[in-house]
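The structure appears below as structure tokens.
Residue numbers (full-length UniProt numbering): 1 to 308.
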């Protein structure tokens with residue numbers, strides 16, 4: 001297969017962890033990739049080992065709109081098309097709500113929400129207007145199990161991922177079918193990476209939150225020095241799964257990766273359904289007089305069945 005017929009990927013946050021593993025998987029499969037990161041020199045060895053017809057390493061701070069536009073311009077000039085865009089750049093912020101300065105919380109959203117939003121905006125235009133008509137493409141937003149279930153001391157990280165998931169769902173539904181532009185949420189669980197150390201901003205806990213508090217317990221679990229803290233996932237295996245799924249014709253809206261994430265997402269979904277059933281009477285009680293709540297709910301489900 002000639003390179004001209006292989007997919008072209010754009011991956012953010014390619015310096016380490018899942019992003020780097022995905023770039024390596026793409027290259028190993030003989031496909032092409034634009035690997036973006038804030039410090040391109042970190043990929044010098046990879047760049048030397050691969051032809052520029054297969055790998056383009058490009059600087060990108062996802063909080064800088066001008067740099068985002070430059071990357072898409074480079075994609076157009078260098079490869080002439082894009083098939084898969086992966087929003088992977090991100091970092092954790094471990095802090096109790098009352099101890100988190102506004103500027104730190106807002107910066108986390110700049111990277112983990114507004115960065116993917118602005119990249120998605122450019123990607124939509126590229127996939128629709130630069131690619132051949134109807135070719136489209138896939139935009140993958142890397143969320144987390146923490147984008148489905150929130151935890152103490154991770155409120156702002158969780159909130160940014162919840163926002164990203166809602167945005168991705170809306171974007172995917174907004175696309176016209178003839179554009180053939182699809183969206184996919186990936187929800188990794190814990191995996192062996194630098195996330196809990198190098199990719200985690202940690203703010204000291206206020207004295208009121210001791211080691212046996214909910215957030216204190218989570219801090220212990222996430223402490224890289226904790227000998228009992230073991231992640232189930234492996235970034236290379238997650239990258240292989242993403243690569244494989246990206247070639248599927250029929251995709252889910254969200255895909256948990258790792259047994260931990262699968263259990264969390266499934267458990268939370270079951271809780272949501274259970275609580276909705278338990279409190280159904282209260283929900284229906286707010287309708288205007290004369291409305292049969294259960295019948296109205298059935299009609300609404302039928303009306304929106306293509307969205308559920």
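We treat Cβ as the ideally placed atom computed from N, Cα and C, and that holds for glycine.
Assign residue i to one of two classes, buried (16 or more other C-beta atoms within 10 Å of its C-beta) or exposed (fewer than that).
i	result
residue 1	Its pLDDT being 41, under 50, residue 1 is placed unreliably in this model, and the coordinates cannot settle the point.
residue 10	buried
residue 165	buried
residue 36	buried
residue 44	exposed
residue 31	buried
residue 238	buried
residue 48	exposed
residue 270	exposed
residue 83	buried
residue 300	exposed
residue 274	exposed
residue 235	buried
residue 88	buried
residue 291	exposed
residue 122	buried
residue 28	exposed
residue 303	exposed
residue 256	buried
residue 159	buried
residue 75	buried
residue 57	buried
residue 266	exposed
residue 232	exposed
residue 112	buried
residue 77	exposed
residue 12	buried
residue 288	exposed
residue 20	buried
residue 258	buried
residue 247	exposed
Compare the Cα-Cα distances from residue i to each of the options and report the closest residue.
i	options	result
residue 55	84, 8, 21	8
residue 315	155, 141, 143, 136	Lying before the first or after the last residue shown, residue 315 is absent from the chain, which here runs from 1 to 308.
residue 250	184, 78, 52, 5	184
residue 260	288, 85, 191, 139	191
residue 245	138, 51, 264, 297	138
residue 179	208, 151, 128, 199	128
residue 140	86, 285, 278	86
residue 276	297, 177, 133, 105	297
residue 200	157, 53, 12	157
residue 52	169, 33, 136	33
residue 175	159, 247, 206, 136	136
residue 218	151, 171, 112	151
residue 206	266, 20, 101, 288	101
residue 279	248, 65, 294	294
residue 202	105, 18, 282, 42	105
residue 42	171, 17, 65, 64	17
Give me the DSSP bridge partner(s) of residue i.
i	result
residue 295	Residue 295 is not bridged to any residue.
residue 254	185
residue 58	36
residue 108	Paired residue(s): none; residue 108 is not in a bridge.
residue 92	200
residue 8	32
residue 139	85, 183
residue 233	191
What whole-angstrom Cβ distance do residue i and residue j have, given they're in contact under 8 Å?
i	j	result
residue 173	residue 307	7 Å
residue 95	residue 153	6 Å
residue 148	residue 187	6 Å
residue 81	residue 130	7 Å
residue 108	residue 93	5 Å
residue 162	residue 22	Rounded, the Cβ-Cβ distance is 23 Å, inconsistent with contact.
residue 240	residue 25	6 Å
residue 167	residue 117	6 Å
residue 189	residue 124	That pair is no contact at about 29 Å.
residue 62	residue 115	3 Å
At a Cβ threshold of 7 Å, is residue i touching chain D?
i	result
residue 83	Absent from the structure: chain D. Only one protein chain is present.
Original post:
Is the region 133-145 close to the region 199-214, with three or more CB pairs under 8 Å?
Top reply: no
Original post:
Are there three or more Cβ pairs, one per stretch, closer than 8 Å when the region 97-110 is compared with the region 69-78?
Top reply: no
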